[in-house]
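Let me begin by presenting the structure, written as C-alpha cells, before commenting on it.
In the working numbering, the protein residues as written are 2 to 110.
This is the structure in C-alpha cells:
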C-alpha cells in the first residue's frame, strides 16, 4: 500500500498516513508550538510548587502532608507533560518527514 502524500493536495488539519502527525499551516504550527510549550512549562512548574507546598519541602510528617495539594501538583505535572507530548504531533507543510517514515528511498546519491 502506497502511503505517499501528493504534494499538490492540501492536507491542512489532516493526519498523515501514519496517523501520528497533523500537517497544519506554518502560522498555526508556530502558535501551537509557542503556546503549548508555555502551558506545559507553566503547569509543570506549578505542579512542582504545589507538590513542594503540600509536602512542606519534604520535611512534614505524614500527618501534616496536604494530600489534595500533592494530588493537584502531581496532576499538573502529568497534564503539562501531556500537553507537550500532544503538541509534538503538529508539523507545518514543508517540514521533514517523521523519523519512522523510512519506507521511501532517498535520492541523495
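Ideal placement from N, C-alpha and C gives every residue a C-beta, glycine not left out. Small disclaimer: the values here were computed from a predicted structure and weren't measured.
Pull up the distance between the alpha-carbon of residue i and that of residue j, whole angstroms please.
i	j	result
residue 53	residue 94	42 Å
residue 90	residue 42	18 Å
residue 69	residue 33	31 Å
residue 88	residue 64	39 Å
residue 29	residue 55	38 Å
residue 84	residue 24	18 Å
Within this structure, are the beta carbons of residue i and residue j separated by less than 8 Å?
i	j	result
residue 44	residue 81	yes
Starting from residue i and walking both ways along the alpha helix (DSSP H), at which residues does that stretch end?
i	result
residue 54	27-56
residue 114	Past the edges of the chain, shown from 2 to 110, lies residue 114, and the structure says nothing about it.
Quick test of your reading: residue i and residue j, contact by CB under 8 Å. State the CB separation rounded to the nearest angstrom.
i	j	result
residue 97	residue 77	About 32 Å separates the two Cβ atoms, so there is no contact after all.
The beta strand (DSSP E) that contains residue i, what's its start and end?
i	result
residue 93	91-93
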